[in-house]
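Asker: In numbering that gives the first Met the number 0, the protein residues as written are 0 to 490. From the three backbone atoms N, C-alpha and C, an ideal C-beta is built for every residue, glycine too.
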Amino acid sequence: MWFLCNDYVYEPVAYSLSCVQKASINWATSWDELPTRTRCRASLNWSQSVLGKPSSGIGKMWTIILIASFAVLGTSADIGPELWRVEAPGHHIAVRALADEGNVDVWGHTPSHTKVLVEAEAKSRVARALDEANLKHSVEVPDVLALVEEERAHMQEKRRKRESEQMDWTTFHDLEDIEGFEEWLNFTSSQLVQMASVARTLEGREVRLVRITDPSTPGPKKKIWIEGGIHAREWISPAVTTYLMHQVAVSPEWRDILKVTEWYFVPVANPDGYAYSFSSPRARLWRKNRSQNGPSARCKGVDLNRNWNLKWGVGASGNPCSETFKGKEPFSEPETVGLGRAMHRVRDIDVFITFHSFGQTVLYPWGWTRDPPANVKQLSRLARKFNEGVKAASGGRTEYEIGGSGPLYGLASGASDDWAYGALQVPFSYTIELPDTGSHGFLLPESEVSRVVVETNSGMHCMIGFLTNIGPCARHGTNRSKSVGFRGFRG
Ligand code: 0X9
Ligand code: ZN
Numbered sequence: 000m001w002f003l004c005n006d007y008v009y010e011p012v013a014y015s016l017s018c019v020q021k022a023s024i025n026w027a028t029s030w031d032e033l034p035t036r037t038r039c040r041a042s043l044n045w046s047q048s049v050l051g052k053p054s055s056g057i058g059k060m061w062t063i064i065l066i067a068s069f070a071v072l073g074t075s076a077d078i079g080p081e082l083w084r085v086e087a088p089g090h091h092i093a094v095r096a097l098a099d100e101g102n103v104d105v106w107g108h109t110p111s112h113t114k115v116l117v118e119a120e121a122k123s124r125v126a127r128a129l130d131e132a133n134l135k136h137s138v139e140v141p142d143v144l145a146l147v148e149e150e151r152a153h154m155q156e157k158r159r160k161r162e163s164e165q166m167d168w169t170t171f172h173d174l175e176d177i178e179g180f181e182e183w184l185n186f187t188s189s190q191l192v193q194m195a196s197v198a199r200t201l202e203g204r205e206v207r208l209v210r211i212t213d214p215s216t217p218g219p220k221k222k223i224w225i226e227g228g229i230h231a232r233e234w235i236s237p238a239v240t241t242y243l244m245h246q247v248a249v250s251p252e253w254r255d256i257l258k259v260t261e262w263y264f265v266p267v268a269n270p271d272g273y274a275y276s277f278s279s280p281r282a283r284l285w286r287k288n289r290s291q292n293g294p295s296a297r298c299k300g301v302d303l304n305r306n307w308n309l310k311w312g313v314g315a316s317g318n319p320c321s322e323t324f325k326g327k328e329p330f331s332e333p334e335t336v337g338l339g340r341a342m343h344r345v346r347d348i349d350v351f352i353t354f355h356s357f358g359q360t361v362l363y364p365w366g367w368t369r370d371p372p373a374n375v376k377q378l379s380r381l382a383r384k385f386n387e388g389v390k391a392a393s394g395g396r397t398e399y400e401i402g403g404s405g406p407l408y409g410l411a412s413g414a415s416d417d418w419a420y421g422a423l424q425v426p427f428s429y430t431i432e433l434p435d436t437g438s439h440g441f442l443l444p445e446s447e448v449s450r451v452v453v454e455t456n457s458g459m460h461c462m463i464g465f466l467t468n469i470g471p472c473a474r475h476g477t478n479r480s481k482s483v484g485f486r487g488f489r490g
């Protein structure tokens, strides 16, 4: 019997580095030939960078603008989006048409109803279309922007109280924090951790890959690829990915498994979208990347999880204004090209997991058809191990539903899980839709972050322990996550 404990004491560390040596990325046929990023950065005057941080200023400015505009216009409910409940499944032709036209953003659905976000200016149009289709609908959350504002206020409060350059899992972190943390981990665990940049986005950001392996133990090893943050607004996904990455690198609980595994983490697969979702309350629910599809600002972006080249186009939209716009061709986006190429080069990946939210489901292929994949039994068995680990850590309170993407979520092609499974022949490929089951949806309260990361880590431990025959799934501790300092590493 062993326990997954998270009660290690991490001393916040501050480093001051004096050189910058950014290797240009030159793709090679194996990881060993990849130029890894050696990161040396001049030390920062952190208090200055916090005080002068543009986003906090912008945050304040936004609050003022919002308060001022509410005073003039009434509540944010008058000008902001509403969450509606429509009494029809997500694949109903009228719901699908509204989503494809970009009139609604589907948040989730069950066999009986669909929850959709409706922008203020689309309300009457959507109501008319639903009435014409004889579909009952009601307003579930009248003021979604108020929830966003609440979250923002909470984050700002946390930020004020937090030690400078500190990573924790009790709040959501912006891209700069995440990148600073990656660099700190790379620096402090340099024996195990390497970094590379696999793509440069339209806005000039890197899509980063963090590899963790123990070079002192011989191969062959199971290769595990973890993708986070492909959908911008699903903030719990990078939180889970960074937590898992940290645990794999430093926790004694993972040590035996690490001897026989090789990990590839992409904490933020969509950095432009993620950064944008932190930029204003209005942008909080952004899903896609920030591709410029045409003149309209509202119709920017490609859904990176519809852009991979496997049965591209099925159950995805050709309309740039839709939340599920598939792009003008498969692999039209630098993020998907870079990630796909890196996965190709790493070769023989055994497990691919992409973390999303929300739904509390473990989905296996296919998304483009409802037919089951060839090794459905094995896929389902390994998914049950994940669930076992989650249940153990949560004392049975959290459970995941397991099934095929197509049957559970409706047909959607061009997703990374299908591509990994179908094009790369990764035998165990999953989308894990993290909590919750819909009460907060994408706006998961920060108070839940710690619980979710610990439970997910336990699920992963159980799953990979089973795959590698290392550890039985046992009772896991339910301790809260701890924070780490990464002074000097934030850009
Ligand atoms: O629709 C998606 O991309 C994922 N759901 S989400 O609400 N996070 O957007 C599910 C993807 C499941 N996989 C496939 N359809 N292949
Ligand atoms: Zn998603």
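Quick one: what does DSSP say R283 is sitting in, helix, strand or coil?
Answerer: coil
Asker: What distance in whole Å lies between the Cβ atoms of S356 and I235, which are believed to be in contact at a cut-off of 8 Å?
Answerer: 5 Å
Asker: Considering only the beta carbon of each residue, do W491 and S449 sit closer than 7 Å?
Answerer: The first residue shown for the chain is 0 and the last is 490, placing residue 491 beyond what the model contains.
Asker: Can you tell me whether L303 is helix, strand or coil according to DSSP?
Answerer: helix
Asker: Quick check on the contact list: which residues have their beta carbon closer than 7 Å to a heavy atom of ligand 2?
Answerer: I229, H230, E233, N304, H355 and S356
Asker: Pull the bridge partners of D416 from the DSSP assignment, please.
Answerer: Bridge partners of D416: none, in fact.
Asker: Taking Cβ positions, are V197 and A411 nearer each other than 7 Å?
Answerer: no
Asker: Say the cut is 6 Å; is the CB of T430 nearer than that to a heavy atom of ligand 1?
Answerer: yes
Asker: Which residues mark the beginning and the end of the beta strand (DSSP E) in which A198 is found?
Answerer: V192 to R199
Asker: Would you call the segment 127-145 and the segment 85-94 touching, i.e. three or more CB-CB distances under 8 Å?
Answerer: Contact holds: three or more Cβ-Cβ distances are below 8 Å.
Asker: Taking the straight line between their C-alpha atoms, what separation do you get for F186 and V192?
Answerer: Cα to Cα, F186 sits roughly 8 Å from V192.
Asker: Let me confirm a value: T200 is counted as buried when at least 16 other C-beta atoms fall within 10 Å, else exposed. Which label applies?
Answerer: buried
Asker: How is Y273 classed by DSSP in three states: helix, strand or coil?
Answerer: helix
Asker: Out of I256, W262, F264 and R289, state which residue places its alpha-carbon closest to the alpha-carbon of G272.
Answerer: R289
Asker: Figure out for me which residue from G440, R346 and T360 has the closest Cα to the Cα of L407.
Answerer: T360
Asker: May I have the straight-line CA-CA distance separating V249 from S137, to the nearest angstrom?
Answerer: 49 Å
Asker: Taking 6 Å as the cut-off, is the CB of Y408 close to at least one heavy atom of ligand 1?
Answerer: Because some heavy atom of ligand 1 lies under 6 Å away, the Cβ of Y408 counts as near it: yes.
Asker: Buried or exposed for E156, please, with buried defined as at least 16 other CB atoms from any protein chain shown within 10 angstroms of its CB.
Answerer: exposed
Asker: Taking the C-alpha atoms as reference points, what is the distance between G203 and V301?
Answerer: 16 Å
Asker: With 16 other CB atoms within 10 Å as the buried threshold, where does K376 fall?
Answerer: exposed
Asker: Hey, out of C472, E447 and G101, whose CA is closest to R286's CA?
Answerer: G101
Asker: According to DSSP, simplified to helix, strand and coil, what is H108?
Answerer: Residue state for H108 is assigned as strand, using DSSP reduced to three classes.
Asker: How big is the Cα-Cα spacing for L174 and R489?
Answerer: 9 Å
Asker: Residues in the same chain with beta-carbon distance under 6 Å from R210, minus the five sequence neighbours each way, listed in chain order, please.
Answerer: Q193 and Y263
Asker: So which of F354, V147 and I401 has the shortest CA-CA distance to V265?
Answerer: Taking each of F354, V147 and I401 in turn and checking the Cα distance to V265, the smallest one comes out for F354.
Asker: Contact defined as beta carbons within less than 8 Å: I believe A382 pairs with I401. What is the distance between those atoms, to the nearest angstrom?
Answerer: 5 Å
Asker: Where in the segment 126-163 do unbroken runs of the alpha helix (DSSP H), each at least 4 residues long, occur, reported from the N-terminal end onward?
Answerer: 143-160
Asker: Taking the beta carbon of G293 as the centre, do at least 16 other beta carbons fall within 10 Å, making it buried, or is it exposed?
Answerer: exposed
Asker: May I ask you to check if the CB of L362 is nearer than 6 Å to at least one heavy atom of ligand 3?
Answerer: As for ligand 3, it is missing from this structure, which binds only ligand 1 and ligand 2.
Asker: Spatial neighbours of K114 within its chain, please: CB distance less than 8 Å, with the 5 preceding and 5 following residues excluded, ordered by chain position.
Answerer: L82, W83, R84, V85, V105, W106, G107, H108, E139, G437 and G440
Asker: Report the start-end ranges of each beta strand (DSSP E) in the segment 352-423 that is 3 residues or longer and not cut off at the edges.
Answerer: 360-363 and 400-403
Asker: If we ignore side chains and look at the alpha-carbon of each, how far apart do G366 and D416 end up?
Answerer: 8 Å
Asker: According to the neighbour-count rule (16 or more other Cβ atoms, all chains shown, within 10 Å of its Cβ), is A296 buried or exposed?
Answerer: exposed
Asker: Could you spell out the range, first to last residue, of the alpha helix (DSSP H) harbouring I235?
Answerer: I235 to V249
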